[in-house]
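Sequence lines, in order, name chains A and B.
For reference, each letter of the first sequence is one residue, going 1 to 492 in the UniProt record's numbering.
For reference, each letter of the second sequence is one residue, going 1 to 492 in the UniProt record's numbering.
Ideal placement from N, C-alpha and C gives every residue a C-beta, glycine not left out.
Computed from a predicted structure; not experimentally measured.
Number of protein chains: 2
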Amino acid sequence: MGAYDDLIAYERETQALAQVMGRLSWDQETVMPKGAAHQRAEEMGALESVLHRRRTDPRVGEWLEAVDETALDHAARAQLRHILRGYIRAMRLPETLSSQIARVTSRAQGIWAEARAADDVAHFLPTLAEVVRLKREEAAALAQGGDPYDALLDDYEPGATGAGIAAMFDRMRPRLVELRERILGSDRHPAPLSGRFGAEGQMTVAREVASHFGYDWRHGRLDHSVHPFTSGSGTDVRITTRVDEGDPLNCLYSTLHEVGHGAYEQGIDPAYLLSPLGEGVSMGVHESQSRIYENQLGRSRAFCGWLHARLAEVFGQSGAADADAFYAAVNRVHSGYIRTEADEVHYNLHIMLRFDLERELIAGRLEVADLEEAWNERFQSDFGVAVDKPSNGVLQDVHWSVGLFGYFPTYTLGNVYAGCLYTALCAAVPSLDDDLARGHAETATAWLRENVQRHGGLYEPAEVIQRACGFDPHEGPLLDYLEAKFGALYRL
Amino acid sequence: MGAYDDLIAYERETQALAQVMGRLSWDQETVMPKGAAHQRAEEMGALESVLHRRRTDPRVGEWLEAVDETALDHAARAQLRHILRGYIRAMRLPETLSSQIARVTSRAQGIWAEARAADDVAHFLPTLAEVVRLKREEAAALAQGGDPYDALLDDYEPGATGAGIAAMFDRMRPRLVELRERILGSDRHPAPLSGRFGAEGQMTVAREVASHFGYDWRHGRLDHSVHPFTSGSGTDVRITTRVDEGDPLNCLYSTLHEVGHGAYEQGIDPAYLLSPLGEGVSMGVHESQSRIYENQLGRSRAFCGWLHARLAEVFGQSGAADADAFYAAVNRVHSGYIRTEADEVHYNLHIMLRFDLERELIAGRLEVADLEEAWNERFQSDFGVAVDKPSNGVLQDVHWSVGLFGYFPTYTLGNVYAGCLYTALCAAVPSLDDDLARGHAETATAWLRENVQRHGGLYEPAEVIQRACGFDPHEGPLLDYLEAKFGALYRL
Numbered sequence: 001m002g003a004y005d006d007l008i009a010y011e012r013e014t015q016a017l018a019q020v021m022g023r024l025s026w027d028q029e030t031v032m033p034k035g036a037a038h039q040r041a042e043e044m045g046a047l048e049s050v051l052h053r054r055r056t057d058p059r060v061g062e063w064l065e066a067v068d069e070t071a072l073d074h075a076a077r078a079q080l081r082h083i084l085r086g087y088i089r090a091m092r093l094p095e096t097l098s099s100q101i102a103r104v105t106s107r108a109q110g111i112w113a114e115a116r117a118a119d120d121v122a123h124f125l126p127t128l129a130e131v132v133r134l135k136r137e138e139a140a141a142l143a144q145g146g147d148p149y150d151a152l153l154d155d156y157e158p159g160a161t162g163a164g165i166a167a168m169f170d171r172m173r174p175r176l177v178e179l180r181e182r183i184l185g186s187d188r189h190p191a192p193l194s195g196r197f198g199a200e201g202q203m204t205v206a207r208e209v210a211s212h213f214g215y216d217w218r219h220g221r222l223d224h225s226v227h228p229f230t231s232g233s234g235t236d237v238r239i240t241t242r243v244d245e246g247d248p249l250n251c252l253y254s255t256l257h258e259v260g261h262g263a264y265e266q267g268i269d270p271a272y273l274l275s276p277l278g279e280g281v282s283m284g285v286h287e288s289q290s291r292i293y294e295n296q297l298g299r300s301r302a303f304c305g306w307l308h309a310r311l312a313e314v315f316g317q318s319g320a321a322d323a324d325a326f327y328a329a330v331n332r333v334h335s336g337y338i339r340t341e342a343d344e345v346h347y348n349l350h351i352m353l354r355f356d357l358e359r360e361l362i363a364g365r366l367e368v369a370d371l372e373e374a375w376n377e378r379f380q381s382d383f384g385v386a387v388d389k390p391s392n393g394v395l396q397d398v399h400w401s402v403g404l405f406g407y408f409p410t411y412t413l414g415n416v417y418a419g420c421l422y423t424a425l426c427a428a429v430p431s432l433d434d435d436l437a438r439g440h441a442e443t444a445t446a447w448l449r450e451n452v453q454r455h456g457g458l459y460e461p462a463e464v465i466q467r468a469c470g471f472d473p474h475e476g477p478l479l480d481y482l483e484a485k486f487g488a489l490y491r492l
Numbered sequence: 001m002g003a004y005d006d007l008i009a010y011e012r013e014t015q016a017l018a019q020v021m022g023r024l025s026w027d028q029e030t031v032m033p034k035g036a037a038h039q040r041a042e043e044m045g046a047l048e049s050v051l052h053r054r055r056t057d058p059r060v061g062e063w064l065e066a067v068d069e070t071a072l073d074h075a076a077r078a079q080l081r082h083i084l085r086g087y088i089r090a091m092r093l094p095e096t097l098s099s100q101i102a103r104v105t106s107r108a109q110g111i112w113a114e115a116r117a118a119d120d121v122a123h124f125l126p127t128l129a130e131v132v133r134l135k136r137e138e139a140a141a142l143a144q145g146g147d148p149y150d151a152l153l154d155d156y157e158p159g160a161t162g163a164g165i166a167a168m169f170d171r172m173r174p175r176l177v178e179l180r181e182r183i184l185g186s187d188r189h190p191a192p193l194s195g196r197f198g199a200e201g202q203m204t205v206a207r208e209v210a211s212h213f214g215y216d217w218r219h220g221r222l223d224h225s226v227h228p229f230t231s232g233s234g235t236d237v238r239i240t241t242r243v244d245e246g247d248p249l250n251c252l253y254s255t256l257h258e259v260g261h262g263a264y265e266q267g268i269d270p271a272y273l274l275s276p277l278g279e280g281v282s283m284g285v286h287e288s289q290s291r292i293y294e295n296q297l298g299r300s301r302a303f304c305g306w307l308h309a310r311l312a313e314v315f316g317q318s319g320a321a322d323a324d325a326f327y328a329a330v331n332r333v334h335s336g337y338i339r340t341e342a343d344e345v346h347y348n349l350h351i352m353l354r355f356d357l358e359r360e361l362i363a364g365r366l367e368v369a370d371l372e373e374a375w376n377e378r379f380q381s382d383f384g385v386a387v388d389k390p391s392n393g394v395l396q397d398v399h400w401s402v403g404l405f406g407y408f409p410t411y412t413l414g415n416v417y418a419g420c421l422y423t424a425l426c427a428a429v430p431s432l433d434d435d436l437a438r439g440h441a442e443t444a445t446a447w448l449r450e451n452v453q454r455h456g457g458l459y460e461p462a463e464v465i466q467r468a469c470g471f472d473p474h475e476g477p478l479l480d481y482l483e484a485k486f487g488a489l490y491r492l
């Protein structure tokens, strides 16, 4: 057991340093003085070098070879699997390539932001072409003859393949397109909320909701940031939200989304603290937690009834005529351009568009010069609207500028997993709707903790969902849920 | 120049990582969730190991040997001097000893806190004896035959010696004791402030005062912590304060004190960023900046006049009958037990007591078993009052529990340096009192920046004061200032 213990002790220190890196990002997005950006980049660069050297340290390879797997239990073998996967990825990537990618994407993010602000695609394309070229190189190095896109995807969703996801998306897309068309063709046009909602009151309700959904304040905190996010693992898992005084749903559902991510990290078995098992197992499973909190629970009729009353108490009005109108406003379907503002029906169509385009880009079947046209054509076909300007189209997301290829499909995987989990959750917790009608979801969190969250990285992504639900994950439950929910809401 | 450039590049990464360590401490004291303490200790431990390995890396020694000093300018030679000093200290300290000290002091701090809360000296003494034993060992290892106490002192105040400080303190003590006796024997007994002062209003004034003293918010921020402190160097220098609704002076003068520390770090030449010259040169010079902001400027009659009026505006009252009564309350002399609450007259007597005792402890001429008795005797003799309980006596400070021996005298060195600088400042900035009467001290900051702060580690501590003042630093100006100020206030 010598080699295994040495390896785990070494990984523990690496994980601790990786947590420190996370704190620096959190600090940067929430409290860092504006003038500190350059120095911070240098601090993070120095720490990244330390982490890179640790991850490619030859001793890791030696320990991995020396370990006697037969003497290990299931959890220890899972630890090894994660370490081996990370080591292989780190070793396959030439250091010159990864530092080149770090440099180019850091610059590209700034150029993307400028291009988006100016609605100027041409300003961004040369840099994006450079990013794509480097990511193709990275994908080839990681794939070692296998599928390059799968090699990138594997970093976010181990075990998933581009072909498998494409097949699932092909099954989902017609039903989603049909649903959106029936909704938009219906005679129901719910109004959005109206009125002003003070920032302090929104944060009061956000904190209350986070508590009611089981967020643990002893091991977390809620702050403001431009883009909401969750940061950290183990006993220090922080979430952020944002406030728009014209739209309290922005703050509240951002909070609920991040509470889902946060509850996952907070719910992992403490025995896995600072080990490879001590983090959410994949982006897809992570997103399943954020989505089930935000959508299936948070946007349910039961919870909306409570939230409507609570907003009326705090602000003197909820922005809607009654609880039903509030529920309809929360779930209003509209054919918008922007992924992050999309309703549950449109969201996955946004993802499928991106998935198909990025897969073609990495495969070399689509070039950056043709990307905007491809985007606009596909948007017209799936959303029935022409893109009016690049910031509402190909320039809207940060992901590609920072080199995130293979990340987008995990959002929809998360929705699919959430659909499966919600079916199982409803069967397991008969009181769920009553609890939500009182504004509480601790019973849901308890079930999710026991069946998903506590396992951390113990099982592979699809396996953790299969074990929780008792069936292999598939898109059926999500589509059934969407058709039932919006069929009723829009009286289809 | 190859070796020099390599060395500086390496040091830059080390400094960047040291800044990260500072951010973790800041986070821990201001925003960290309560339940994250154990994980945080592990994160900081992992980073400390990285820093220790870098500081004792044999390449540092090789580069230092390979550098051709004759080819370097003054600043580069100063960089080398700092690196060499740090490397020698790191190499002289056996790693087993430093990790033993880290372990014991981490435990000792908790035991000290318990002992202080319970007023139970016996609970702390065995652990303190262990700390003292280890610090004697450290001092011997660092001193290599020289004076052990000086070896510890050198870490905080390079170039200072215990003998030199003792001689200066011996000159100061009779004048201070005489001054306190004349004050306490006078017929003037100014009242402290009375009334309640809301937390929000205190923070508003604290931020205003920080701005008026030249604190740069683009490169800093102000938060709450139990004990106020300053954290970080370069472009991210954060300060904290605390709020007592019964006493606004606590918040305001803590803020001014930390603004002094912060202005020093913010004022260092940006060319020295993340280099050994990019931090305040010593604890004494650092304290000179915090003290001159807090005392000579902040507790001046001119500034108190403005502050009195400003508090009256914000709170509807200043807590005093008029500006003169306010000034008297701010500078009220009283024979208290606690160093951190001491007035300008008593403060240095508190330090001298600690300096003499810790010097005897390290020299082995005093044992921990006899420490309380020695403390109480000395307190009676210098303060004319018997210590009533250990938390008001030998248990009041955290320093010794965490192994800070050789640190205390730098507080008084700071006061002495501040006295010198104030003389030079008054001569250089004739408008100073007028500026302060308007609540502003930017002119003072500009002079201090130009003459002290911007140099960072370029000159040795005494040299930077000498260059700013045009004379060698000595205790005269501080004592003259105290006698003049309190002589007038108490009509002696």
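Would you say residue i reaches chain B, if we count a Cβ-Cβ gap shorter than 7 Å as a contact?
| i | result |
| --- | --- |
| Gly-234 of chain A | yes |
| Val-394 of chain A | no |
| Gln-19 of chain A | yes |
| Glu-42 of chain A | yes |
| Gln-39 of chain A | yes |
Could one say the Cβ of residue i lies closer than 7 Å to chain A's Cβ atoms, at least one of them?
| i | result |
| --- | --- |
| Lys-485 of chain B | no |
| Ala-46 of chain B | yes |
| Lys-34 of chain B | yes |
| Ala-468 of chain B | no |
| His-219 of chain B | yes |
| Val-50 of chain B | yes |
If I follow the unbroken beta strand (DSSP E) through residue i, where does it start and stop?
| i | result |
| --- | --- |
| residue 512 of chain A | Past the edges of chain A, shown from 1 to 492, lies residue 512 of chain A, and the structure says nothing about it. |
| Arg-238 of chain B | 238–241 |
Would you kindly report the start and end of the unbroken alpha helix (DSSP H) that includes residue i?
| i | result |
| --- | --- |
| Ile-465 of chain B | 461–469 |
| Arg-136 of chain A | 121–143 |
| Arg-354 of chain A | 344–363 |
| Ala-151 of chain A | 148–153 |
Helix, strand or coil for residue i? Go by DSSP, reduced to three states.
| i | result |
| --- | --- |
| Ile-268 of chain B | coil |
| Ser-381 of chain A | helix |
| Thr-105 of chain A | helix |
| Ser-98 of chain A | helix |
| Ser-233 of chain A | coil |
| Gly-487 of chain A | helix |
| Thr-161 of chain B | coil |
Does the beta carbon of residue i fall short of 6 Å from some heavy atom of the ligand MG?
| i | result |
| --- | --- |
| Val-333 of chain B | Ligands displayed in this structure: none; no statement on the ligand MG is therefore possible. |
**Prompt:** Whole alpha helix (DSSP H) runs in the segment 14–89 of chain A with 4 or more residues, listed along the chain?
**Reply:** 37–55, 58–66
**Continuous alpha helix (DSSP H) assignments of at least 4 residues falling wholly in the segment 177–217 of chain B** = 199–212
**Whole runs of the alpha helix (DSSP H) within the segment 275–339 of chain A, excluding any shorter than 4 residues** = 283–291, 301–315, 323–330
**Message:** Quick check on the DSSP output: what are the complete beta strand (DSSP E) runs of length 3 or more inside the segment 393–481 of chain B, in order along the chain?
**Reply:** none
**Request:** Quick one: which residues of the segment 2–15 of chain A get their C-beta closer than 9 Å to a C-beta of chain B? List them in chain order.
**Result:** Arg-12, Glu-13, Thr-14, Gln-15
**Prompt:** Between the segment 90–114 of chain A and chain B, which residues of the former have CB atoms less than 8 Å from a CB of the latter, in chain order?
**Reply:** none
**Asked** When you check each C-beta in the segment 277–309 of chain A against every C-beta of chain B, which residues fall closer than 9 Å?
**Response** none
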